[in-house]
Amino acid sequence: MNGRFELTGRRAVVTGAARGLGAAFAAGLAEAGADLVLIDRDPCAETALAVERAGRTASVYRADLAETEALSGLADRIHAECGPVHVLVNNAGVARLEHFNEITVENWHAVMRVNVDAVFFLSQRFAEHMIADGLAGRIITVSSKNGLVAEAGLAHYNASKGAVELLTKSLAAELGPHGITVNTVAPGMIETGIADEFPADMAALHAAWRERIPLRQRYGTADECVGAVLLLASDAGSYITGTHLLVDGGALADQLPRLRFLPPYRNTVR
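Position one of the sequence shown corresponds to residue 14 (our numbering), numbered consecutively onward.
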C-alpha cells in the first residue's frame, strides 16, 4: 500500500508555502518522497526546514502571485533551474470579508488575481512543461467549500472558488489525453488563522460554525487535509480527474444542525 502513495523521484511545486495549509502540504509531500519547490511572497524558511528534515530538497522562490504577467516566466525559471515538475499544488489564496456593496474594483481584482488568474496561468505553463517532458503530471488546486456553497460577506471569494471548480473541470478535459490529472481539494473550516483579522465577531462566528460540523463539532487541522493531496498527487489517484475532494468534517452534508433538537442518542447495543 505504501508504494501507491510513494512520490520518490518526483518534484512538487506548492504555492503559498510559507504557512498554514501550504506548509502542511509541502511537509506531507516531502514525507512521501517528493522534492519541493516552495513559492510564497513571504519567507519559507520553516517550511524548507521541514522538507529537509524529511530528507528531501527544498528550493524557495519569493514571488507575488498577483503579478500575473510574471507567472509564465516563473514557471519557466523553475523548470530550468530545478528540473521537471510532476505535481503542482495551487494553494495560495486570499480572502476579504465585506458586504457586496463595499467591494471595490481594486479589492475584487486583488482576490481574483491570486485565487483565479494565478491558478490558471501557473497551471497552463506547468502543464505545457509536463506535456513536453512526457510526464503524467498532477495539478491540484486548493479550492474551498465556498466553491460549492456561498457565504454572505464573501462575494468575491465565493466567485473565485466557484471559478476554480469549473476551471478544474475544463483543464481536466483538455489535459486528460496527455495523462495529466486536474482536481481540487476543498477544505471546510480549518484551523489556519486565515480569518482571524476579519472585521467581524469571529468568536461568535467560529462557535456557530462549529455547531454545524457533524464530526464532533470541531474545525479540522491542516494536517487532516494532507491525505487528500497525497491521494491526488500519487499513483493511488491516477484515475481521479475533474473532481473535488471535500474535507469539511461533514459540514455540507447537513442542512441544519438538527441533532440539538432531537432526543438524546441512545445506544441500542446491549
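Where a beta carbon is used, it is the ideal one built from N, C-alpha and C, also for glycine. Owing to the predicted nature of the structure, the values given are computational and were not obtained by experimental measurement.
| Query | Result |
| --- | --- |
| Report the three-state DSSP secondary structure of Val177 (helix, strand or coil). | helix |
| For the ligand NAD, any of its heavy atoms closer than 8 Å to the Cβ of Gly160? | With respect to small molecules bound, the structure shown includes none, and the ligand NAD cannot be examined in it. |
| Can you list, in chain order, the residues of its chain whose CB lies under 6 Å from that of Thr194, leaving out five sequence neighbours each side? | Arg151, Thr254 |
| Taking DSSP as the reference, what is the three-state secondary structure of His257? | strand |
| Pull up the distance between the alpha-carbon of Thr21 and that of Val124, whole angstroms please. | 35 Å |
| If the criterion is Cβ atoms closer than 9 Å, does the pair Leu180 and Val132 meet it? | yes |
| For the segment 138-210, list the beta strand (DSSP E) runs that are entirely contained and at least 3 residues long, ordered along the chain. | 151-155, 194-200 |
| Mind checking Asp267: buried by the 16 CB within 10 Å criterion, or exposed? | exposed |
| Is Met215 buried or exposed, if buried means 16 or more other CB atoms sit within 10 Å of its CB? | exposed |
| Tell whether a beta-carbon distance below 9 Å holds between Leu110 and Leu161. | no |
| Quick check: what's the CA-CA separation for His219 versus Gly86? | 40 Å |
| Relative to the C-alpha of Val198, which candidate in Leu244, Ala43, Asp48 has its C-alpha closest? | Leu244 |
| Give the straight-line distance between the Cα atoms of Ala39 and Leu51, rounded to the nearest whole angstrom. | 8 Å |
| Report the start-end ranges of each alpha helix (DSSP H) in the segment 89-147 that is 4 residues or longer and not cut off at the edges. | 118-125, 131-146 |
| Alpha carbon to alpha carbon, how far is Asn171 from Gly106? | 12 Å |
| Measure the Cβ-Cβ separation of Ala264 and Lys158 and say whether it is below 9 Å. | yes |
| Can you tell me whether DSSP reads Thr81 as helix, strand or coil? | helix |
| At the level of alpha carbons, what is the spacing between Leu84 and Gly29? | 14 Å |
| How about Ala71 and Thr60: do their beta carbons lie closer than 9 Å? | yes |
| Looking only at DSSP bridge pairs, what is Ile226 linked to? | None, per the DSSP bridge assignment. |
| Among Arg126, Cys95, Leu228, Phe113, which one has its Cα closest to the Cα of Phe139? | Cys95 |
| With DSSP as the reference, label Ala25 as helix, strand or coil. | strand |
| For Met14, does the three-state DSSP call read helix, strand or coil? | Below a pLDDT of 50, predicted positions are generally treated as unreliable, and Met14, at 48, falls in that range; the measurement from the model is reported next regardless. Met14 falls in the coil class under three-state DSSP. |
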